[in-house]
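Counting from 1, position 16 in the sequence shown corresponds to residue 3 in our numbering; the numbering is continuous, with no gaps.
Heads up, the beta-carbon is just placed ideally off N, CA and C, and yes, glycines get one too.
For clarity, every value in this text was computed on a predicted model and none was experimentally measured.
I have placed the structure first, in the form of structure tokens, so that the comments after it can refer back to it.
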Amino acid sequence: MYSLILWLFDYFSEEKLYSINSLLFQGVFFGIFFGIGFPYINEKLAGKFSNKVGIKIKPELDAEEKIKIEGPANLFRGMEGVGGKIFLTDKKLIFKSHKINIQKGQTNIEYKNIKEIIRRKTAKIIDNGIRIITNDNKEFDFVVNERELWFEKINERIE
């Protein structure tokens, strides 16, 4: 795709910018790098960083409260997608942000206060969001991995 775009620029420009050999080399090189190399490097560097940050996130729990399910998530607070973890306990849903956010803290939503949970799309494209609407019509928009699992587990607790 990269080579095709360069070729189109070359084709429609007044002067010749790239040779065919140069276009082929760039296409293969950048294709391999961005298709294999970049994801590998990203996994090695970002994976270690995000795992270290995620391990340290522990919510404040009530006495006798137990965590049943947890996972990485973002909660939209205004325009900021606050990164952290979502927890389902035996009493409530908890979102706890990690320390690398402007808006920090913990959000607790008791199951009895949840009126509805809706599947939503992030940026109107990606099927990885859920919206929780409380009895007082507050909306909490989350981005989660394995949306269907979270949707099912939260619904089990509010029914």
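Residue i, buried or exposed, once every other Cβ within 10 Å from all chains shown has been counted against 16
i: Val130; result: buried
i: Arg134; result: buried
i: Asn29; result: exposed
i: Ile105; result: exposed
i: Gly70; result: buried
Beta-carbon gap between residue i and residue j smaller than 8 Å
i: Glu57; j: Lys72; result: yes
i: Asn122; j: Asn95; result: no
i: Thr76; j: Lys55; result: yes
i: Ile89; j: Glu67; result: yes
i: Glu126; j: Ile120; result: yes
i: Tyr98; j: Lys83; result: no
i: Asp(-3); j: Leu(-9); result: no
i: Leu11; j: Leu(-7); result: no
i: Glu26; j: Asn132; result: The amino acid at residue 26 is misidentified as Glu; the sequence shows Pro. Result no, Cβ atoms of Pro26 and Asn132 do not sit closer than 8 Å.
For residue i, the three-state DSSP class (helix, strand or coil)
i: Pro59; result: strand
i: Ser84; result: strand
i: Ile19; result: helix
i: Asp128; result: strand
i: Glu47; result: coil
i: Leu4; result: coil
i: Ile89; result: coil
i: Asp77; result: coil
i: Ile112; result: coil
Chain-order list of residues whose beta-carbon lies under 7 Å from that of residue i (same chain, five-residue window excluded)
i: Glu47; result: Gln93
i: Lys108; result: Asp114 and Gly116
i: Lys140; result: Ile56 and Leu75
Cutoff 6 Å; reference residue i; Cβ partners in own chain excluding five residues on either side
i: Ser6; result: none
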